[in-house]
Amino acid sequence: MLTGSCRTSHWPMHKRQYGRLSGGLDSSKDEITASAFLSAQLDEEMGGGPVQVIIIYDFWAALGGKAPYRTSGRLKDKLNAHPPRLFACSNRTGRFIIEEVPGEITQDDLATDDVMLLDTWDQVFVWIGNEAQEEEKKEALSSASKYIATDPSSRDKRTPIAVIKQGFEPPTFTGWFLGWDCDFWAVDPLEKALAELNM
Numbered sequence: 001m002l003t004g005s006c007r008t009s010h011w012p013m014h015k016r017q018y019g020r021l022s023g024g025l026d027s028s029k030d031e032i033t034a035s036a037f038l039s040a041q042l043d044e045e046m047g048g049g050p051v052q053v054i055i056i057y058d059f060w061a062a063l064g065g066k067a068p069y070r071t072s073g074r075l076k077d078k079l080n081a082h083p084p085r086l087f088a089c090s091n092r093t094g095r096f097i098i099e100e101v102p103g104e105i106t107q108d109d110l111a112t113d114d115v116m117l118l119d120t121w122d123q124v125f126v127w128i129g130n131e132a133q134e135e136e137k138k139e140a141l142s143s144a145s146k147y148i149a150t151d152p153s154s155r156d157k158r159t160p161i162a163v164i165k166q167g168f169e170p171p172t173f174t175g176w177f178l179g180w181d182c183d184f185w186a187v188d189p190l191e192k193a194l195a196e197l198n199m
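For reference, each letter of the sequence shown is one residue, going 1 to 199 in the UniProt record's numbering.
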């Protein structure tokens, strides 16, 4: 296992199901989130029985000994040097514009009538709101490619671009938003605001 990866596994043994979640030292927040989400799904599929945590002290011995971790400055300083950035893409004014969303990103920042770009350094997500216009969708995808190609930093020009539709966000995307709520858009924002005022 690499220091920057997570693994989830399960297996039947003696009429019982076992599962394990292992996280490397340099695993990213979205890798850990995705692994935890998958572990919960696997536990549910295996009957949702009691969970037992076992620390295996001879783990490395079973694999033939411990090798040195792969380390690099880029892995250690990745989040500090390259925090996630969110951009709103819109043609509301008649021309296509991209503006960075200031401050810490939240789910509230995702405008359902726009397309958003989330840059996590190792990946760029193109999030498409349900009410986004076709022109915004096309321009945003093209702009994501140009954004990576023209980045003056030492970014890998082969950085992957993932297209995400509202309501179908994977854990690798939602993990960047603290307290992600899957039912966030199920309630009309005006009704939600009025309900909060009446409290």
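We put the CB at the ideal spot given by N, CA and C, even for glycine.
Inclusion of Ile105 and Trp176 in the CB contact set at 8 angstroms is warranted, their separation being smaller than that value. Rounded to whole angstroms, the gap between the alpha carbons of Phe87 and Ala132 is 14 angstroms. Ala34 is classed as buried because its beta carbon has at least 16 other beta carbons within 10 Å across all chains shown. One Cα belongs to Ala149, the other to Arg85, and the distance between them is close to 17 angstroms. Here Val126 is bridged, per DSSP, to Leu117 and Val163. Trp185 and Gly65 have their C-alpha atoms some 50 angstroms from each other. The three-state reading of DSSP puts Phe87 in strand, counting E and B together.
Taking 8 angstroms as the cut-off, the beta carbon of Gln107 is found no closer than this to the beta carbon of Asn130. With fewer than 16 neighbouring CB atoms inside 10 Å of its own CB, Ala193 falls in the exposed class. Inter-residue distance for Arg158 and Ser142 is about 14 angstroms (C-alpha atoms, whole angstroms). Distances from the CA of Glu31 to each of Ile97, Glu45, Thr174 and Arg155 were compared; the closest alpha carbon is that of Thr174. Spatial neighbours of Glu99 in its own chain (CB-CB distance under 7 angstroms, excluding positions within 5 residues in sequence) are listed in chain order as Phe87 and Ala88.
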